[in-house]
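Here the structure comes first, spelled out in structure tokens, and everything after it is commentary.
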Amino acid sequence: MTADASHPVRTGATEGLSLSRRRFLQAALATGGTATLLNGPLGGIARAAEPLGPADPILVLVQLVGGNDGLNTVIPMTDAAYRAVRPQINLAPAALPLARGLGLHPALTGLKAQWDQGRLAIVQGAGKTDGDLSHFSSTATWMAGTSSGTDRSTGWIGRYLDTLADGSDGLRGVVLGSSIPLQVVGTRAAVTALPASGQPFGANRAQEWERRMFWSIAAYGAAPTGLGPWGDALAANDTAAINRASTVAPLFPSGATPPSGVLTPQLDLAARLINLNLGVKVVSASFGSFDTHDDQLNAHAGVLTDLDRAISRFFTTLDPVWADQVVIVTYSEFGRRVEQNSSRGTDHGGASTMFVLGPNVKGGLYGTRPSLTDLDTRGDLKTTVDFRRVYASVLARWLGADPAAVLGKAYTELDLFRAGPGQTVL
2 MTADASHPVR TGATEGLSLS RRRFLQAALA TGGTATLLNG PLGGIARAAE
52 PLGPADPILV LVQLVGGNDG LNTVIPMTDA AYRAVRPQIN LAPAALPLAR
102 GLGLHPALTG LKAQWDQGRL AIVQGAGKTD GDLSHFSSTA TWMAGTSSGT
152 DRSTGWIGRY LDTLADGSDG LRGVVLGSSI PLQVVGTRAA VTALPASGQP
202 FGANRAQEWE RRMFWSIAAY GAAPTGLGPW GDALAANDTA AINRASTVAP
252 LFPSGATPPS GVLTPQLDLA ARLINLNLGV KVVSASFGSF DTHDDQLNAH
302 AGVLTDLDRA ISRFFTTLDP VWADQVVIVT YSEFGRRVEQ NSSRGTDHGG
352 ASTMFVLGPN VKGGLYGTRP SLTDLDTRGD LKTTVDFRRV YASVLARWLG
402 ADPAAVLGKA YTELDLFRAG PGQTVL
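Following the numbering used here, the numbering of the sequence shown begins with 2 at its first residue and continues without gaps.
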């Protein structure tokens, strides 16, 4: 019998030392600092990505965790039904006017400026139609990007990275945080997770003993360990993580203080990462909680303020040379119920709102605004735009990929862009 990645066996000198897949994953997650997800046989070795060219696309995904209330994000200011069902939490008088009787939440002043410049697309009624209001399974649906009943072991961004000839380069896809979400998991793509604050393990090598220690750890994974296939894979993962930390070390100068907030430091790091031109094509960020069951006015204003500041900080930090190569897309697993509850909040609901923004985005309203009087049986907004239509539009018209190959079927695309990546909009 021979050993392979899926069925490691113990032989001779490694008797009693081989690692099971479970132990391998536990150990890999315990390494800390910079995490690298390596797919394929024994994961392979993630290499440094090639720098991007002047027409290469970059996508920044922002997950609004918990279920964002689209109705109080893009507000139907002139709709009497809105004021009637939300007597204590409606924001009609304070909304920032957009068009067609709609306005933005008053905390979104930076996004309003993007709208005024024609750089913000608002997709109304975005969602799914399966009626599932579980945070966990709904998030999995959005991250997988496939229709119900299909395999959800991979995510739509992971499958996109799989289509790239260099998708196994570990810095083509970067997650800001300590874990790897489903949406970036592919069959062979490699992605890297970076901490939004603090230094990743292996980045600071100011002292001689630190340089020797990290060199030793990296060297250990360069040859067979004697611990079997999973032991070799774990050592290789550590080597990749240490090497990756060295590559991104300029992002984490000693003594630097990150900006306040939860999302703001993430998008500040994202902009600096893009400025370094390490070959990053997709950045995934997330924050919350948008699960506003009570005291919604204060809670929602807090997270939307962070969202607004983060996006403004991103474009301020981003070198202007990259601006027309970047698009930001926001999403949340579902919206909120139309009628407020007794705790001055809202419960899990149906359709919500997605933002797509950047200098080359064709700003405006997309999709049909859901009716506040024609609701589903639970009193939720009906979905008018399948969220996968937005994915398909981004894949085809920004990333240059085949949406049907990535999403499993074709979807009607939205005309979200006025120019391609790197093209100057006059």
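Yeah, the Cβ is synthetic: ideal placement off N, Cα and C, and Gly gets one too.
Does the stretch 396-408 touch the stretch 417-424, meaning 3 or more C-beta pairs lie closer than 8 Å? Flag = yes, the stretch 417-424 and the stretch 396-408 touch.
Can you give me the Cβ contacts of Gly351 inside the same chain, cut-off strictly under 7 Å, excluding the 5 residues immediately before and after it? The beta carbon of Gly351 is closer than 7 Å to those of Gly128, Phe335, Gly336, Asp377, Asp381, Leu382, Lys383 and Thr384 in its chain, skipping five residues each way along the sequence.
Would Pro77 be called buried (16 or more neighbouring beta carbons within 10 Å of its own) or exposed? So Pro77 counts as buried.
Tell me the residue span of the beta strand (DSSP E) that contains Tyr367. Per DSSP, Tyr367 belongs to the beta strand (DSSP E) from Gly365 to Tyr367.
At what residues does the alpha helix (DSSP H) containing Ile312 begin and finish? Element bounds for Ile312: Gln297 to Thr318.
Looking only at its own chain, which residues have a Cβ that is under 7 Å from the Cβ of Thr306, when we skip the five neighbours before and after it? So the qualifying residues of the chain are Ala108.
Segment contact flag, the stretch 49-69 with the stretch 282-295, C-beta cutoff 8 Å, min 3 pairs: Yes, the stretch 49-69 is in contact with the stretch 282-295.
Which partner residues of Met355 appear in the DSSP bridge assignment? Val124.
For the structure I just gave you, are there three or more beta carbon pairs, one from the stretch 314-332 and one from the stretch 355-365, closer than 8 Å? Yes, the stretch 314-332 is in contact with the stretch 355-365.
Where does Ile275 fall in DSSP's three states? Ile275 carries a helical assignment under DSSP once its states are collapsed to helix, strand and coil.
Would you identify the three-state DSSP class for Arg390, choosing helix, strand or coil? Here DSSP, grouped into helix, strand and coil, assigns Arg390 to helix.
With distance defined between alpha-carbon atoms, name the residue in Pro98, Lys113, Arg153 and Ser285 nearest to Gln267. The candidate whose alpha carbon is nearest that of Gln267 is Ser285.
Cα separation between Leu99 and Ile123? Taking the straight line from one Cα to the other gives about 10 Å.
Could you tell me the distance, in whole angstroms, from the CA atom of Tyr332 to the CA atom of Gln64? Rounded to the nearest angstrom, the gap between the Cα atoms of Tyr332 and Gln64 is 5 Å.
Relative to the C-alpha of Leu373, which candidate in Arg338, Arg345 and Ser180 has its C-alpha closest? Nearest of Arg338, Arg345 and Ser180 to Leu373, Cα basis: Arg338.
Give me the Cα-Cα distance between Leu177 and Thr265, rounded to the nearest whole angstrom. Near 11 Å, if we compare the C-alpha coordinates of Thr265 and Leu177.
Thr331 - partner residues in DSSP beta bridges: Bridge partners of Thr331: Val63.
Contact set for Gly104: own chain, Cβ-Cβ below 6 Å, skip 5 residues either direction: Here the set comprises Ile76, Met78, Ala96, Leu97 and Pro98.
According to DSSP, residues forming a beta bridge with His349: According to DSSP, which records beta bridges pairwise, His349 is partnered with Arg337.
Measuring straight from C-alpha to C-alpha, what distance separates Arg310 and Ala223? So the alpha carbons of these two residues sit roughly 43 Å apart.
Spatial neighbours of Tyr83 in its chain, beta-carbon cut-off 8 Å, leaving aside the 5 residues before and after: Cβ-Cβ distances below 8 Å link Tyr83 to Leu72, Ile76, Pro77, Asn91, Ala93 and Leu373 in the same chain, with the five nearest sequence neighbours on each side left out; the list follows chain order.
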